[in-house]
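J.: I'd like to ask you about the structure that follows.
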Amino acid sequence: MSILIVAEHDNGSLKPATLNTVSAAAQIGGDIDILVAGAGCQTVAEAAARVAGVSRVLLADNAAYGHQLAENLAPLVAHLVQEGGRDYGHILAPATTAGKNLLPRVAALLDVGQLSDVVGVDGTDTFKRPIYAGNAIATVKSLDGVKVITVRTTAFEAVATTGGSAAIDTLDVAYDTGLSRFIDEQLAKSDRPELTAARIVISGGRGMGNGENFALIAQLADRLGAAIGASRAAVDAGFVPNDMQVGQTGKIVAPDLYIAVGISGAIQHLAGIKGSKVIVAINKDEEAPIFQVADYGLVADLFEVLPQLTARLA
Amino acid sequence: MNITVTDDDLMLSDALQRFCQEVIAPAAAEVDERSLSATCHRPALSEIGIMGMNLPEAYGGTGVSAVALYLAVEHLAAACGSTASMVTAHFLATDSILLGGTEAQKQAWLPDAAAGRKLGGFALTEPSAGSNPAAMRTVAEKTANGYRIRGVKHFISNAAEADFLVVYAKTDKSAGHRGISAFIVDRHSAGIEVSPPERTMGLKGGHVFEVALDCEVPAGNLLGGEEGRGFRTAMHVLDNGRVEIAASCTGIARAAYQAALFWAKTREVNDHPIAEFQGLQWMIADMATELEAARMFGLKAATRREQGERFSQESAMAKLYASEAAGRITDKALQIHGGYGYTREMPLERYVRDVRIMRIYEGSSEVQRNIIARTVLQD
Amino acid sequence: MKVLVTVKRVIDYNVKVRVKADHSGVDLSNVKMALNPFCEIAVEEAVRLKEAGTATEVVVVSIGPAAVQEQIRAVLALGADRGIHIETEADPEPLSVAKLLAKVVAAERPGLVILGKQAIDADNNQTGQMLAALTGMGQGTFASAVKVEGDELLVTREVDGGLQTLGLRLPAIVTTDLRLNEPRYATLPNIMKAKKKPLEVRAPAALGVELRAYSQVLKVEPPADRRGGIKVASVEELVDKLKNEAKVI
Numbered sequence: 001m002s003i004l005i006v007a008e009h010d011n012g013s014l015k016p017a018t019l020n021t022v023s024a025a026a027q028i029g030g031d032i033d034i035l036v037a038g039a040g041c042q043t044v045a046e047a048a049a050r051v052a053g054v055s056r057v058l059l060a061d062n063a064a065y066g067h068q069l070a071e072n073l074a075p076l077v078a079h080l081v082q083e084g085g086r087d088y089g090h091i092l093a094p095a096t097t098a099g100k101n102l103l104p105r106v107a108a109l110l111d112v113g114q115l116s117d118v119v120g121v122d123g124t125d126t127f128k129r130p131i132y133a134g135n136a137i138a139t140v141k142s143l144d145g146v147k148v149i150t151v152r153t154t155a156f157e158a159v160a161t162t163g164g165s166a167a168i169d170t171l172d173v174a175y176d177t178g179l180s181r182f183i184d185e186q187l188a189k190s191d192r193p194e195l196t197a198a199r200i201v202i203s204g205g206r207g208m209g210n211g212e213n214f215a216l217i218a219q220l221a222d223r224l225g226a227a228i229g230a231s232r233a234a235v236d237a238g239f240v241p242n243d244m245q246v247g248q249t250g251k252i253v254a255p256d257l258y259i260a261v262g263i264s265g266a267i268q269h270l271a272g273i274k275g276s277k278v279i280v281a282i283n284k285d286e287e288a289p290i291f292q293v294a295d296y297g298l299v300a301d302l303f304e305v306l307p308q309l310t311a312r313l314a
Numbered sequence: 001m002n003i004t005v006t007d008d009d010l011m012l013s014d015a016l017q018r019f020c021q022e023v024i025a026p027a028a029a030e031v032d033e034r035s036l037s038a039t040c041h042r043p044a045l046s047e048i049g050i051m052g053m054n055l056p057e058a059y060g061g062t063g064v065s066a067v068a069l070y071l072a073v074e075h076l077a078a079a080c081g082s083t084a085s086m087v088t089a090h091f092l093a094t095d096s097i098l099l100g101g102t103e104a105q106k107q108a109w110l111p112d113a114a115a116g117r118k119l120g121g122f123a124l125t126e127p128s129a130g131s132n133p134a135a136m137r138t139v140a141e142k143t144a145n146g147y148r149i150r151g152v153k154h155f156i157s158n159a160a161e162a163d164f165l166v167v168y169a170k171t172d173k174s175a176g177h178r179g180i181s182a183f184i185v186d187r188h189s190a191g192i193e194v195s196p197p198e199r200t201m202g203l204k205g206g207h208v209f210e211v212a213l214d215c216e217v218p219a220g221n222l223l224g225g226e227e228g229r230g231f232r233t234a235m236h237v238l239d240n241g242r243v244e245i246a247a248s249c250t251g252i253a254r255a256a257y258q259a260a261l262f263w264a265k266t267r268e269v270n271d272h273p274i275a276e277f278q279g280l281q282w283m284i285a286d287m288a289t290e291l292e293a294a295r296m297f298g299l300k301a302a303t304r305r306e307q308g309e310r311f312s313q314e315s316a317m318a319k320l321y322a323s324e325a326a327g328r329i330t331d332k333a334l335q336i337h338g339g340y341g342y343t344r345e346m347p348l349e350r351y352v353r354d355v356r357i358m359r360i361y362e363g364s365s366e367v368q369r370n371i372i373a374r375t376v377l378q379d
Numbered sequence: 001m002k003v004l005v006t007v008k009r010v011i012d013y014n015v016k017v018r019v020k021a022d023h024s025g026v027d028l029s030n031v032k033m034a035l036n037p038f039c040e041i042a043v044e045e046a047v048r049l050k051e052a053g054t055a056t057e058v059v060v061v062s063i064g065p066a067a068v069q070e071q072i073r074a075v076l077a078l079g080a081d082r083g084i085h086i087e088t089e090a091d092p093e094p095l096s097v098a099k100l101l102a103k104v105v106a107a108e109r110p111g112l113v114i115l116g117k118q119a120i121d122a123d124n125n126q127t128g129q130m131l132a133a134l135t136g137m138g139q140g141t142f143a144s145a146v147k148v149e150g151d152e153l154l155v156t157r158e159v160d161g162g163l164q165t166l167g168l169r170l171p172a173i174v175t176t177d178l179r180l181n182e183p184r185y186a187t188l189p190n191i192m193k194a195k196k197k198p199l200e201v202r203a204p205a206a207l208g209v210e211l212r213a214y215s216q217v218l219k220v221e222p223p224a225d226r227r228g229g230i231k232v233a234s235v236e237e238l239v240d241k242l243k244n245e246a247k248v249i
């Protein structure tokens with residue numbers, strides 16, 4: 001049985017999310033094919049062919065696929081499963097907005113269910129996935145002949161971008177349903193993510209000293225695509241506006257990563273961050289209460305650490 | 001012996017609880033800190049229909065049951081005691097017209113008040129007539145076109161922003177409480193002076209005022225069109241009001257209790273949540289029991305009111321018990337929070353301050369005891 | 001244009017769920033239930049379309065046991081005109097839900113179907129897309145803006161890199177994302193009036209759909225415990241831990 005992965009790309013380059021998905025496929029076992037569907041995406045197919053562990057690349061290069069319209073891509077994938085002659089037992093895509101948009105449509109066309117946002121593989125038909133906003137992990141067995149799966153990329157280590165030398169098969173089947181059309185997109189993110197929805201939040205406290213110094217946090221936040229918050233002390237001291245306040249009387253956040261910089265860790269602040277997956281504290285006072293709840297604590301001068309951290313994540 | 005809470009009551013209650021938590025609660029700390037009038041919430045409260053919750057549909061109200069009304073006030077108070085106070089004071093004014101007015105007066109005044117377009121105030125209390133309204137000195141003298149009302153009222157909620165006040169005044173000084181009549185007074189009449197808001201211990205967003213009156217009202221504004229009925233109307237209105245105050249007490253106590261529960265479970269001493277200490281467990285058990293008892297009293301009075309039965313005794317018991325239990329519950333909740341409970345960063349001290357007046361206004365605990373004794377002894 | 005809105009009854013988003021000790025599932029006893037937040041946004045959008053004169057009727061559908069009527073009534077109180085309750089004690093998977101909804105779509109022939117992008121219990125994010133496939137309609141998922149222009153629907157979608165706008169031929173399917181709108185509160189008068197709006201109950205069999213399982217939950221476990229915090233000695237070590245141990249960057 002083979003595995004078909006729908007590549008994540010922008011017609012110019014293969015996105016890393018595909019590499020994490022290949023890793024998940026490797027855990028399932030079987031030949032791995034990557035479908036690169038897009039417009040003018042030859043270079044993406046070539047990059048996919050070089051990925052470690054890939055058997056074959058299927059290239060569907062057509063204007064109809066240029067913007068990853070699900071209405072056109074889904075029948076293509078379904079066609080490959082039903083008539084591709086490759087005996088696909090699994091269809092994978094990263095759980096990105098593209099993958100999440102496409103795969104359920106594929107599943108319905110194949111009359112099978114889907115497992116979304118898988119974080120663990122246990123053989124060929126059993127997988128782990130988060131439910132109830134990650135407050136529980138379900139181990140689920142698929143009962144379908146073809147298993148359609150989106151993969152949470154942070155749960156699988158990316159495979160190497162080189163080492164593979166797969167053949168590239170050019171497909172000439174093009175589905176253009178006319179159900180949808182691309183109008184435009186705005187991809188440059190000029191604003192920061194919203195505080196309560198951001199995956200990473202970096203907050204500054206009284207230790208920042210003044211509002212200007214928040215620029216150091218801003219640089220790190222830019223690097224990580226993070227939102228910026230503040231403790232009540234920083235807000236009360238006038239460093240930043242009050243809509244940035246995180247804590248019991250401010251915003252409650254539950255990001256994957258919360259970095260508290262120069263924050264002592266008053267209970268009210270902690271009440272606003274308890275749901276965070278990982279808490280990091282940077283404070284030069286090693287007795288600061290924040291260290292009792294931080295998963296990783298760094299006792300150091302934030303004015304030295306912040307630039308170093310920013311440089312390290314270049 | 002019945003307490004009846006219907007599915008409809010619960011549906012309304014759930015919907016309102018969410019509204020109160022999401023819209024009213026976030027402003028509560030600031031309303032208290034800056035003594036901002038809770039009337040800032042009038043647009044939102046009007047839109048959702050709370051301002052007319054006590055009134056039947058026939059007059060533009062929402063016509064919810066007395067039980068749903070009880071639950072709604074509890075949620076409102078849990079979110080912000082000041083807002084509940086402002087709203088229930090408005091209810092005292094509209095209830096006065098509903099229970100004591102002529103059909104024409106109800107049609108003229110209630111729809112706007114139900115929609116929240118007009119705000120009412122209830123002016124019974126005076127500097128020298130609190131628990132003894134029959135001793136009031138405000139008089140209403142007949143004139144060619146109506147009445148001239150002269151006197152001073154005290155601790156009147158909503159007076160500054162009200163559009164109308166239901167003023168209780170003596171039309172017959174020699175007849176004791178039977179000499180009291182009620183009048184619907186246009187707040188913007190000439191001769192009404194409202195003081196700046198009283199600086200109080202709590203409910204700082206539920207502004208109360210001294211109102212000096214020397215104004216004229218048309219004859220058509222005599223409530224019910226009949227002199228001497230004012231005291232009876234006021235007593236009926238306060239029967240309703242007592243249940244709402246009981247609801248307010250229970251709401252604030254509930255908020256304090258839930259805060260204490262959360263704190264006890266999360267605050268650690270020597271790596272143990274303080275909820276593991278028996279001393280605190282006993283405090284929490286007492287709080288939980290008293291809270292439940294207070295709610296049962298309130299719901300029972302509300303059920304009897306809904307079923308059209310006499311409920312003066314039940315409402316007096318509910319108000320007496322809930323107000324005194326709220327004092328104990330909020331005090332314990334503050335204690336559980338230790339030093340943090342004493343700071344203004346946390347709402348505990350506000351809960352303590354907000355409930356203190358509940359043992360005093362709308363019939364002090366002493367008055368409630370009089371009512372209960374009287375009704376119990378006369379059976 | 002008729003707009004069909006689907007809603008799901010789920011745990012209230014404030015509830016912290018607990019996994020049962022026997023790992024057979026999540027403990028839902030005495031847990032507060034509510035309308036799925038993304039579904040609320042779907043309802044709000046439908047009601048706004050009606051207020052703008054674009055939609056002539058809003059029909060709400062929900063699938064589940066008798067208790068879901070509470071949510072249907074809440075949606076009627078928010079402005080939907082009538083409700084359809086597909087009654088079943090089973091907890092159908094997204095494809096089954098989509099098949100049931102496809103039957104309703106075939107019968108009601110709406111111009112637009114709006115669903116929440118995902119339910120906060122199972123977090124699948126599949127139903128809208130599957131329904132679109134079964135009905136042969138275009139799909140505008142993770143919508144942050146929706147506009148009807150002639151017989152086309154313009155949908156702005158929140159995608160990983162930013163925003164994308166698509167044009168979908170009507171009838172079409174939309175799934176809502178958080179920023180699409182801010183749902184209103186049902187007013188008390190509307191809650192009272194909702195009691196009189198029609199609510200029809202149907203059985204899956206009557207729709208000609210046989211529910212089947214596409215997967216089986218073997219066990220449900222709590223997430224890995226928060227490990228005791230450690231102090232790191234340097235920025236290098238911190239970055240290493242975040243990348244390789246915690247895997248958050």
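Protein chains in written order, with the UniProt record's numbering: chain X, 1 to 314; chain E, 1 to 379; chain R, 1 to 249.
A virtual CB, placed ideally from N, CA and C, is assigned to each residue, including glycine.
1) Is Leu-220/X close to chain B? Criterion is C-beta to C-beta, closer than 8 Å.
2) Ordered along the chain, which non-local residues of its own chain (more than five positions away) have a Cβ less than 8 Å from that of Ser-13/X?
3) Can you tell me which of the three DSSP states Glu-210/R falls into?
4) Who does Leu-154/R pair with in a DSSP beta bridge?
5) According to DSSP, which residues form a beta bridge with Asp-122/X?
6) Tell me which residues share the same chain as Ala-55/R and place their Cβ nearer than 6 Å to its Cβ, disregarding the 5 neighbours each side in the sequence.
7) Per the contact definition of three or more C-beta pairs closer than 8 Å, is the region 235-247 of chain E in contact with the region 316-323 of chain E?
8) What did DSSP end up calling Met-33/R once you bin it into helix, strand or coil?
9) In angstroms with no decimal places, state the Cα-to-Cα distance between Ala-186/R and Val-61/R.
10) Within the 8 Å Cβ cut-off, does Tyr-340/E reach chain X?
11) Name the residue from Gly-79/R, Leu-163/R, Ala-122/R, Gly-116/R whose alpha carbon lies nearest to the alpha carbon of Glu-57/R.
12) Among the candidates Ala-98/R, Glu-45/R, Gly-229/R, Glu-108/R, whose CA atom is the shortest distance from the CA of Ile-84/R?
13) Specify whether the region 25-34 of chain E and the region 58-75 of chain E touch according to this definition: at least 3 beta carbon pairs, one from each stretch, less than 8 Å apart.
14) So what does DSSP say about Gln-313/E, is it helix, strand or coil?
15) Is the beta carbon of Thr-126/X less than 8 Å from the beta carbon of Lys-147/X?
16) Judging by CA-CA distance, which residue of Leu-220/X, Gln-292/X, Val-235/X, Ala-70/X is the nearest neighbour of residue 394/X?
17) For chain X, find out if any of its Cβ atoms is closer than 8 Å to the Cβ of residue 291/R; answer yes or no.
18) In terms of residue numbering, what span does the alpha helix (DSSP H) encompassing Ser-13/E cover?
19) Check whether chain X comes within 8 Å of Phe-142/R, counting only Cβ atoms and requiring the distance to be less than that.
20) Would you give the residue range spanned by the beta strand (DSSP E) that Lys-231/R belongs to?
21) Would you call the CB atoms of Leu-163/R and Glu-185/X closer than 8 Å?
22) Between Leu-131/R and Leu-95/R, what straight-line distance do the alpha-carbon atoms span, to the nearest angstrom?
23) Along the chain, where does the beta strand (DSSP E) that runs through Leu-110/X open and close?
24) DSSP on Ser-40/X, reduced to helix/strand/coil?
25) Can you grab the Cα-Cα spacing for the pair Val-119/X / Ala-158/X, in whole Å?
26) Specify whether the region 186-199 of chain E and the region 344-352 of chain E touch according to this definition: at least 3 beta carbon pairs, one from each stretch, less than 8 Å apart.
27) When burial is assigned at 16 or more other CB atoms within 10 Å of the CB, is Trp-263/E buried or exposed?
28) For Asn-132/E, does the count of other Cβ atoms within 10 angstroms reach 16, so buried, or fall short, so exposed?
29) State the Cα-Cα distance for the pair Leu-98/E and Asn-221/E, rounded to the nearest angstrom.
30) From Glu-292/E to Ala-373/E, what distance separates their C-alpha atoms?
31) Assuming Arg-150/E and Leu-92/E form a contact by the criterion Cβ under 8 Å, report the distance between their Cβ atoms to the nearest whole angstrom.
32) State yes or no: is the beta carbon of Ala-108/X nearer than 8 Å to at least one beta carbon in chain R?
T.: Looking at the atomic coordinates:
1) Considering every chain present, this structure includes no chain B. Its protein chains are X, E and R.
2) Excluding sequence neighbours, Ser-13/X sits near Thr-43, Val-44, Ala-47.
3) If DSSP states are grouped into helix, strand and coil, Glu-210/R belongs with coil.
4) The secondary-structure analysis by DSSP pairs Leu-154/R across a beta bridge with Lys-147/R, Gly-167/R.
5) In DSSP, Asp-122/X forms no bridge with anything.
6) Excluding sequence neighbours, Ala-55/R sits near Met-1, Val-3, Leu-49.
7) Remark: three or more beta-carbon pairs, one from each stretch, lie closer than 8 Å, so the region 316-323 of chain E and the region 235-247 of chain E are flagged as touching.
8) strand
9) 18 Å
10) yes
11) Gly-79/R
12) Glu-108/R
13) no
14) helix
15) no
16) Here chain X has residues from 1 to 314 only, and residue 394/X is not among them.
17) It is not possible to answer for residue 291/R, since the shown part of chain R is limited to 1 through 249.
18) 7-19
19) Output row for Phe-142/R: interface = yes.
20) 230-232
21) yes
22) Here the C-alpha atom of Leu-131/R lies approximately 8 Å from the C-alpha atom of Leu-95/R.
23) Leu-110/X -> no beta strand (DSSP E), and no H or E assigned at all.
24) It is worth fixing the name first, because residue 40/X is Gly in this sequence and not Ser. Correct three-state label for Gly-40/X: coil.
25) 13 Å
26) Contact check between the region 186-199 of chain E and the region 344-352 of chain E: fewer than three CB pairs, one atom from each, fall below 8 Å, which does not count as touching.
27) The residue in question, Trp-263/E, is buried, as its Cβ has 16 or more Cβ neighbours within 10 Å.
28) exposed
29) 14 Å
30) 24 Å
31) At roughly 22 Å, the Cβ-Cβ gap does not stay under 8 Å, so Arg-150/E and Leu-92/E are not in contact.
32) Ala-108/X belongs to the set of residues whose beta carbon lies under 8 Å from a beta carbon in chain R.
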